[in-house]
Amino acid sequence: MAQSARLQLHIPMPAARPGDPPDFSHIAVPPAGFNERPDSLADPGTLGDLAHGLIRVLDEGGDAVGAWAPEIAPAQLIAGLRAMLLTRIFDERLYRAQRQGKTSFYMKSLGEEAIPVAQALLLGPTDMCFPTYRDLGWLMARNYPLLDLVNQIFSNGRDPLQGRQLPILYSARAHGFYSLSGNLANRFGHAVGWAMASAYRGDGNIAVAHIGEGSTAEGGFHEALTFASVYNAPVILCIANNQWAISSFSGMAGAERTTFAAKAIGYGLPGLRVDGNDFLAVWAATQWAAERARANGGPTLIEFFTYRAAGHSTSDDPARYRPAEEAAHWPLGDPVDRLRRHLVRLGQWDDVRDAALVAELEQAVREAVRQGEASGTLGQGKPSLEQMFEGVFKEPDWRVLEQRRELGI
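Dropping the structure here:
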């Protein structure tokens with residue numbers, strides 16, 4: 007037998023590293039309005055182009071163009087801008103609080119605010135979001151109290167979760183926000199199960215789940231897609247392809263081979279690849295998928311193509327693995343700027359109103375942080391020891407009683 011060529015292992019590498027000029031030349035950005043919008047109950051086998059293209063609505067001038075352009079009332083667009091700005095202002099203030107030693111950990115949503123905000127405004131109050139730690143915008147859009155958020159982050163005595171979660175792993179059932187988990191791949195499994203239960207009961211609620219592109223490399227992702235496909239679960243499964251996991255780029259999860267939306271094809275599901283920095287495109291794609299789910303058309307997998315502009319967390323230094331100026335060169339722009347430009351084009355926004363809104367939101371965040379600090383920051387004003395035993399067992403067993411006795415409770 008003739009000797010074959012020596013085998014070589016391929017190690018994916020990003021286009022640029024620290025010290026290199028940012029390079030996004032490998033990204034093809036089609037013009038806004040390029041894609042046709044099929045019927046929401048179309049056969050998944052006919053939708054391959056949507057998994058490999060990029061659904062975009064806002065053009066460079068800020069106009070909404072093409073078949074995917076949704077009809078959104080100006081008041082809703084302004085609400086979206088408000089929630090995105092509030093998320094960004096809150097993130098910046100609490101990031102500084104972590105650097106001041108007032109909390110142990112924080113994660114920003116910078117560059118990804120359009121995704122949760124658009125979905126929170128569009129979906130129903132009894133639908134359920136299974137979020138990641140970059141979906142704070144959902145809570146902002148649904149007017150979750152800022153002080154409760156601050157208290158959760160400081161884990162003080164007024165923390166609604168009684169200090170039982172990491173600082174940014176929020177939980178707000180009344181706002182359609184399922185308890186957050188740091189293990190992202192389980193978001194899909196939980197959401198699919200919740201959606202299956204909703205369909206089994208015959209109610210009208212759907213689920214939406216979020217993971218990062220790195221989580222698609224985990225087994226839980228594929229298990230969830232199998233269940234969603236087999237049982238036709240009314241769920242929208244969203245992948246935020248923000249180009250980077252903690253410090254490894256999207257190629258480590260297979261981005262060099264195909265799109266993440268294309269992974270839907272193997273499960274017989276529709277896959278949409280969407281400009282995640284385009285508020286209107288996020289709205290339109292989510293609306294299409296929700297219509298499909300509510301009409302018993304089953305699940306949809308959506309890849310939101312976006313960019314993590316900040317570090318992964320306060321424990322991460324992105325300057326160690328990517329060019330320092332890379333975020334400024336991202337070809338799809340900034341989601342806040344793009345929605346602001348659209349509102350200006352509609353005659354619904356201007357610099358005066360923008361400055362007034364920013365000032366209002368900054369004051370609201372400052373006041374919430376001030377009140378939260380008065381109740382306690384990291385290690386101060388902690389929840390009472392009694393609370394650690396509450397809400398665990400319906401009837402405490404002998405071990406719980408013994409532990410309470412040892413603590414003098």
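First residue of the sequence shown: 7, per our numbering; consecutive thereafter.
From the three backbone atoms N, C-alpha and C, an ideal C-beta is built for every residue, glycine too.
Problem set entry | Contact the region 58–75 vs the region 28–37: 3+ CB pairs below 8 Å | Because the criterion of three Cβ pairs below 8 Å is met, the region 58–75 and the region 28–37 touch.
Exercise. What separation, rounded to the nearest whole angstrom, lies between the Cα atoms of Ala70 and Ser381?
Worked result: So the two alpha carbons sit approximately 46 Å from each other.
For this session: With a 10 Å radius around its C-beta and 16 neighbouring C-beta atoms as the bar for buried, classify Thr232 as buried or exposed.
Result: Exposed.
Problem set entry | Sequence-distant residues of its chain with Cβ nearer than 8 Å to Leu384 (five each side left out) | Contacts found: Gly107, Lys108, Thr109, Ser110, Phe160 and Ser161.
Exercise. Between the beta-carbon of Thr264 and the beta-carbon of Arg279, is there less than 8 Å?
Worked result: A distance of 8 Å or more separates the beta carbons of Thr264 and Arg279.
Exercise. With DSSP run on the structure shown, which of helix, strand or coil describes Asn211?
Worked result: If DSSP states are grouped into helix, strand and coil, Asn211 belongs with coil.
For this session: Assuming Leu186 and Ser177 form a contact by the criterion Cβ under 8 Å, report the distance between their Cβ atoms to the nearest whole angstrom.
Result: That pair is a contact at about 6 Å.
For this session: Enumerate in chain order the residues of its own chain whose CB-to-CB distance from Leu83 is below 8 Å, with the five nearest sequence positions on each side excluded.
Result: Cβ neighbours of Leu83 beyond the five flanking positions: Phe285, Leu345, His348, Leu349, Leu352 and Gln354.
Exercise. Around the Cβ of Lys114, are there at least 16 other Cβ atoms within 10 angstroms (buried) or fewer (exposed)?
Worked result: With a threshold of 16 other beta carbon atoms within 10 Å, Lys114 meets it and is buried.
Exercise. Of the choices Glu119, Asp360 and Ala201, whose alpha-carbon is the least far from that of Asp281?
Worked result: The shortest C-alpha separation from Asp281 is found at Glu119.
Problem set entry | Cβ neighbours of Ala333 in the same chain (closer than 6 Å, five flanking residues each side left out) | Closer than 6 Å at the Cβ level, and outside the excluded window around Ala333, lie Ala315.
Exercise. Are the beta-carbon atoms of Ala197 and Ala215 separated by less than 8 Å?
Worked result: Between Ala197 and Ala215, the gap from beta carbon to beta carbon is short of 8 Å.
Exercise. For Ile33, which option in Met19, Leu60 and Ala299 has the closest C-alpha, if you only look at C-alpha atoms?
Worked result: The candidate whose alpha carbon is nearest that of Ile33 is Leu60.
Problem set entry | 4 or more residues per run - each alpha helix (DSSP H) lying fully within the region 20–79 | Here the runs fully enclosed are 54–58.
For this session: In angstroms with no decimal places, state the Cα-to-Cα distance between Leu116 and Pro137.
Result: For Leu116 and Pro137, the distance between alpha carbons rounds to 16 Å.
Exercise. Are Pro18 and Pro329 close, meaning C-beta to C-beta below 8 Å?
Worked result: Contact flag unset, no.
For this session: Measure the C-alpha to C-alpha separation of Arg411 and Val398 and round it to an integer number of angstroms.
Result: Going from the Cα of Arg411 to the Cα of Val398 covers about 17 Å.
Exercise. Hey, Ala295 and Ile242 are a contact pair by Cβ (cut 8 Å); roughly how many whole angstroms apart?
Worked result: Indeed they touch by this definition, with Cβ atoms about 4 Å apart.
Exercise. According to the neighbour-count rule (16 or more other Cβ atoms, all chains shown, within 10 Å of its Cβ), is Val358 buried or exposed?
Worked result: Label assigned to Val358: exposed.
For this session: Identify every run of the alpha helix (DSSP H) within the region 237–305, keeping only runs that are complete inside it and at least 4 residues long; order them along the chain.
Result: Taking 4 residues as the minimum length, the alpha helix (DSSP H) runs contained wholly in the region 237–305 are 285–300, in order along the chain.
Exercise. Alpha carbon to alpha carbon, how far is Ala11 from Gly210?
Worked result: In this structure, the alpha-carbon of Ala11 lies about 58 Å from that of Gly210.
Exercise. With C-beta atoms as the reference, is Phe194 less than 8 Å away from Asn247?
Worked result: For Phe194 and Asn247, no; Cβs fall outside 8 Å.
Problem set entry | Burial state of Trp74 (16 or more Cβ within 10 Å) | Buried, by the Cβ-count rule.
Problem set entry | Coarse secondary structure for His216, derived from DSSP in three states | His216 falls in the strand class under three-state DSSP.
Problem set entry | Entirely enclosed alpha helix (DSSP H) segments - the region 308–377, minimum 4 residues | Fully enclosed alpha helix (DSSP H) runs of 4 or longer: 341–351.
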